[in-house]
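First the structure, in the form of structure tokens, and then the observations on it.
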Amino acid sequence: MKKKIIPFVISLSAAGLLLGGCSMFGSGSGGDDSTTAAGSETTGAENEGDVVEKDGIRKTIVHTNDSPGIEGETGAMVYSIDSVQIADVITTTDTAAGMLDLEKNTEAAMITIGFTCRNRWEISSNFYISQANIEIEDGEEASPKSFYGEYTDGNFAPGVSKSGSNVYVIKGKKAADIKSVMFHVDAPADSDFQDIGEDVDIEINIK
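For the sequence shown, position 95 (counting from the first letter as 1) is numbered 203 according to our numbering, and the numbering increases by one without interruption.
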């Protein structure tokens with residue numbers, strides 16, 4: 109099935125932007141039926157330049173935007189990207205390093221993407237946005253870290269809206285070096301797991 113490519117250009121470096129409803133590792137608003145994962149308790153607004161340390165992870169926020177203005181639709185689903193945050197992180201405990209698949213005291217880039225989805229049709233739909241993968245400009249790919257962010261179950265009854273966030277880690281990268289992120293979600297499906305829309309690829313250009 110042909111993919112739908114949706115380019116967006118987002119300025120994430122404007123001073124004073126806050127990552128609304130953000131936790132240390134999750135940026136979603138935690139709407140209907142969302143589940144909060146480890147390390148995602150709300151700690152208040154986070155500004156660029158802030159250093160936050162929690163659960164064995166030290167995070168220095170480099171870019172943040174709580175209103176990217178990204179919206180779209182595919183089949184039964186309408187969706188929005190509600191927040192984007194990029195940070196440098198260092199794990200300070202063995203437990204945190206293991207959960208993020210990093211070496212202790214090794215720096216990496218963390219990307220947090222918050223979203224909201226709603227089923228607009230009169231049938232139940234499956235849309236697994238919490239399993240969305242990303243790809244940065246040099247072709248490196250990453251899957252969401254299941255222990256962080258705010259997980260959203262992929263089954264949507266008619267009219268149901270859910271919010272959540274995905275957290276990704278890019279090894280060996282500085283947050284400031286990330287200029288583009290492609291966010292990929294597989295097409296929604298019906299109860300028989302037949303596609304009822306197109307795959308979604310959202311290109312986020314960071315400048």
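Glycine is no exception: its CB is placed at the ideal position from the N, C-alpha and C atoms.
query	result
With respect to the alpha helix (DSSP H) encompassing residue 205, which residues constitute its N-terminal and C-terminal limits?	202-207
For residue 302, name the three-state secondary structure that DSSP assigns.	coil
So, are the CB atoms of residue 241 and residue 292 less than 8 Å apart?	yes
Does the Cβ of residue 302 have 16 or more other Cβ atoms within 10 Å, making it buried, or fewer, making it exposed?	exposed
Is the Cβ-Cβ distance between residue 163 and residue 205 less than 8 Å?	no
For residue 165, collect the residues of the same chain with a Cβ closer than 6 Å to its Cβ; drop the 5 residues on either side in sequence, then sort them by chain order.	197, 199, 204
Tell me, please, whether the stretch 243-252 touches the stretch 187-197 by the rule of three or more beta-carbon pairs shorter than 8 Å.	no
Verify whether the separation of the beta carbon atoms of residue 183 and residue 296 is less than 8 Å.	yes
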